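Following my numbering, the numbering of the sequence shown begins with 11 at its first residue and continues without gaps. Encoded as structure tokens, the structure appears first; notes follow it.
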Amino acid sequence: MSDFTTWDILRNLLLAARWTVLLSLVSFIGGSLVGMALLFARIGKSRGGRGFVRAYVEIFQGTPLLMQLFLTFFGLGLFGIDVPAWLAAGLALILWSAAFLTEIWRGCVESVAKGQWEASSSLGMGYLQQMRWVILPQALRVAVPPTVGFSVQVVKGTALTSIIGFVELSKAGTMVTNATFEPFTVYGFVALIYFCLCWPLSKSSQILERKLNVAHRNH
């Protein structure tokens, strides 16, 4: 018989959930910063920059995140670099998130009417001025809902990091199950915690999409 009470199980899972939240935040913020840099290269005038970003996106979107985690964790070890599980998990998720955010934001920028580019150009604005004052403010309105929606995928993606030994919510669920032999209770709580993390984000994305669409139509 296990000495774990239901509260003990939930408490241990909630402690592990902190690392899921932290990893999600690091991955999303880091991916946003890298993604923004890639976006400017993707829509810039340099053919080499556009080609690099296109290849980057295709590689990271075309391969499983699990494989990217393995390559980050074990691949760097081939060069004698000792990579902690948390560092490999964060790096892989940042690069993965950046690929998807770049494409989301590229689509939002390209959704801005070409007339906006032409009008701002006729006012004598340079490329950076056009992006800052005309294009990005309009693209931001379109980008917010899918960006918030993608954050749900980031939270779910953290579950795969357990395969390289990072102790987040799903890994803790396995460890607690091995100690308590109560898989139904443990994984029921794991699913509930994931739902509590993801549902508000998903709902926020839907609400923002409706509000911004209404504002856009009224405008």
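The beta-carbon is built from N, C-alpha and C at its ideal position, and this holds for glycine as well. If you're wondering where the values come from, they're calculated on a predicted model, not measured in any experiment.
- Taking Ser172 as reference, the option from Ala65, Leu75, Phe50 and Pro155 with the minimal CA-CA separation is Leu75.
- In this structure, DSSP gives Val122 a state outside helix and strand, which the three-state scheme calls coil.
- A contact between stretches requires three or more CB pairs, one per stretch, nearer than 8 Å, and the segment 115-126 fails this requirement with the segment 93-100.
- DSSP, reduced to helix, strand and coil, places Glu113 within a helical segment of the structure shown.
- In this structure Gln78 is buried. Its beta-carbon is surrounded by 16 or more other beta-carbon atoms within 10 angstroms.
- Its chain contains Ile203 as the residues whose beta carbon lies nearer than 8 Å to that of Leu24, once the 5 sequence neighbours on both sides are disregarded; these appear in chain order.
- In the three-state DSSP reduction, Gly61 falls in the helix class (H, G or I).
- By the CB criterion at 8 Å, Ala109 and Val177 fall outside the cutoff.
- Scanning its chain for C-beta atoms nearer than 7 Å, with the 5 sequence neighbours on each side dropped, one finds around Gly183 the residues Leu23, Val196, Tyr197 and Val200, in chain order.
- Distance check between Val144 and each of Gln126, Phe160 and Phe194 places Gln126 closest, using alpha-carbon atoms only.
- For Glu113, the number of other beta carbons within 10 angstroms of its own is at least 16, and it is reported as buried.
- Around the C-beta of Ala65, fewer than 16 other C-beta atoms lie within 10 Å, and the residue is accordingly described as exposed.
- Here Thr73 is exposed. Its C-beta has fewer than 16 other C-beta atoms within 10 Å.
- A Cβ-Cβ separation of about 7 Å places Trp115 in contact with Gly45 under the 8 Å criterion.
- Ranked by how close their Cα comes to the Cα of Gly117, the residues Leu179, Leu49 and Thr168 have Leu49 in first place.
- Between Leu179 and Ala27 a beta carbon distance of about 5 Å is seen, short of the 8 Å cut, so the two are scored as contacting.
- For Phe80, same chain residues with a beta-carbon under 8 Å away, outside a window of 5 residues either side, are Ile173 and Ile174 in chain order.
- For the segment 134-173, the full-length alpha helix (DSSP H) segments reaching 4 residues or more read 137-140 and 146-167 along the chain.
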